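Report on one structure; see the data block that follows.
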Amino acid sequence: MSSPAILSLAGRRLLHAGTSSTGCAALASARLRSSIASSRCLSSSAARLNPGLKSKGINESSEKGAEGLHRADTATVKSVKHDEKSHSDVPVMTGDWVLFHPVYSTSELKSVEVLHRKPRNISDRLANIMVYVLRKGFDIVSRYKHKEIPAGSNMSLMELRKGGYVMDEHEWLNRILFLESVAGVPGMVAATIRHLRSLRLMRRDSGWIHTLLEEAENERMHLMTFMTLKNPSIFYRALILGAQGVFYNMFFLSYLISPPTCHRFVGYLEEEAVLTYTRCIEEIENGRIPEWENKPAPEIAKDYWRLKSDANLLDVIYAVRSDESTHRFVNHSLANLNDKTDVNPFAIREPDMHVKGLKYGFERDESEKYVKESHQLLESASEEQGSVSQSKS
Ligand SMILES: [Fe+2]
Ligand SMILES: [Fe+2]
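With our numbering applied, the sequence shown covers 11 to 403.
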């Protein structure tokens with residue numbers, strides 16, 4: 011095994027806010043107006059002062075840019091003037107990278123496979139057993155059963171549902187909403203712990219935090235998307251509250267003890283997520299969830315995954331499955347690294363779904379190779395840029 015030093019930080023993704031003095035003055039003025047308004051009455055005056063900042067309902071079209079900049083906004087982004095008298099010499103980065111938007115081609119969406127990485131050591135076995143226990147417990151609570159339909163059966167959909175061979179759309183939503191509310195926890199916990207460690211030890215993080223935050227954000231968007239289809243009962247919400255309280259703390263403590271085991275655990279959990287969404291897609295395509303067959307995609311999903319305006323729910327579920335496949339790949343890969351010394355191989359770029367959908371993750375030497383390739387790509391890009399600017403001058 012070559013030295014971890016070779017996996018030195020692959021690159022930096024820097025953001026310079028480029029706040030202009032005019033912007034600061036406007037902000038100060040808005041704050042002043044806000045404080046005057048709030049001293050007059052106790053109700054929020056934010057909406058009156060600035061209607062553009064008002065939070066939208068879950069299924070409403072968002073304001074342009076509210077979910078991050080769109081590719082189609084490139085021309086607008088380029089025309090944005092940043093403050094010339096900036097206090098930093100860091101180049102101004104424009105474009106959509108702060109908030110992650112996964113965009114998939116049709117072939118990528120179809121290239122995801124159900125995979126299982128066989129445990130190889132005690133840590134893997136522990137993670138695998140934990141996921142198995144959780145899955146079984148959750149199956150019992152959500153009354154999920156995967157009963158094979160008898161060969162040659164001519165049962166109607168009603169009979170199949172009554173016999174417990176297929177779930178109706180409410181049962182699918184119960185399962186999906188619970189899974190997504192839990193799935194958004196590990197990325198945020200891991201990012202929090204790494205963030206605090208970086209602050210406490212005053213050491214760089216080597217690019218892990220951003221990827222982990224992206225994962226948490228991505229899972230939360232899954233939850234927001236499916237929430238447009240259901241208004242959960244108080245009892246269901248209480249169940250999620252309790253589960254979050256237990257799971258957040260358990261995962262926090264576990265991550266303090268062994269980050270690689272935790273990433274392996276998430277890798278196995280994501281294997282289950284890919285399996286669940288693959289079955290859901292099969293059910294819709296085989297006409298067993300007719301309520302979802304031609305259901306339009308929620309607006310929030312169209313914004314987030316940059317889907318076409320006529321996209322339907324099936325398109326959304328394909329995109330969600332690809333996201334889960336990314337989480338599976340990233341976490342199994344991170345579990346193979348030394349969390350204290352190795353850089354995140356996905357800090358700059360990630361393989362596309364033809365890799366992430368068909369492979370459970372990178373071994374450590376593959377991560378090392380991938381980082382080297384990323385370095386080479388960056389170097390050749392900067393050389394190209396240099397020769398273009400030389401020829402211009
Ligand atoms: Fe998810
Ligand atoms: Fe996931």
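The C-beta atom is built at its ideal place from N, Cα and C for all residues, glycine as well. Quick caveat, the model's predicted, so the values are computed rather than measured.
Rounded to the nearest whole angstrom, the C-alpha separation of Arg274 and Pro308 is 32 Å. Here the C-alpha atom of Ala329 lies approximately 7 Å from the C-alpha atom of Tyr114. Taking every protein chain shown into account, the CB of Glu393 has fewer than 16 other CB atoms within 10 angstroms, so this residue is exposed. Using a C-beta cut-off of 8 Å, the segment 331-344 makes no contact with the segment 235-247, since fewer than three inter-stretch Cβ pairs fall below that distance. Checking the DSSP bridge columns, you'll see Pro306 partnered with Asn322. With contacts defined as CB atoms closer than 8 Å, Leu223 and Ala193 fail to qualify as a contacting pair.
With a cutoff of 8 Å on beta-carbon distance, Leu324 and Leu239 are scored as not near each other.
Here the segment 114-130 does not lie against the segment 158-172, with fewer than 3 beta-carbon pairs under 8 Å apart. Under the three-state reduction of DSSP, Thr202 is assigned to helix. Glu282 is a Cβ neighbour of Arg145, given a cutoff of 8 Å. Per the coordinates, the alpha-carbon of Leu206 lies some 36 Å from the alpha-carbon of Glu118. Distance check between Tyr370 and each of Asn341, Ile150, Ser216 places Asn341 closest, using alpha-carbon atoms only. With distances taken between CA atoms, Arg213 lies nearest to Val353 out of Met237, Gly173, Asn322, Val353. Taking Leu344 as the centre and dropping the five residues before and after it, the same chain places the C-beta of His273 closer than 6 Å to its C-beta, in chain order.
Contact between Thr271 and Ala137 holds: CB atoms are separated by about 5 Å, below the 8 Å threshold. Ordered along the chain, residues surrounding ligand 2 are Ala193, Glu229, Glu280, Ala283, Glu334, His337 [Cβ under 6 Å from any heavy atom]. Along the length of the segment 238-310, whole alpha helix (DSSP H) runs at least 4 residues long occupy 244-267, 269-295, 300-303, reported in chain order. By the criterion of a C-beta distance shorter than 8 Å, Asp149 is surrounded in its chain by Lys155, once the five residues flanking it on both sides are discounted. The beta carbons of Ser332 and Met363 sit closer together than 8 Å.
Sixteen is the threshold: since fewer than 16 other Cβ atoms of the shown chains lie within 10 Å of the Cβ of Ile159, the residue is exposed. Within the chosen limit of 7 Å, ligand 1 reaches the beta carbon of Val330 through at least one heavy atom. Straight through space, the alpha carbons of Arg359 and Val176 are spaced by roughly 39 Å.
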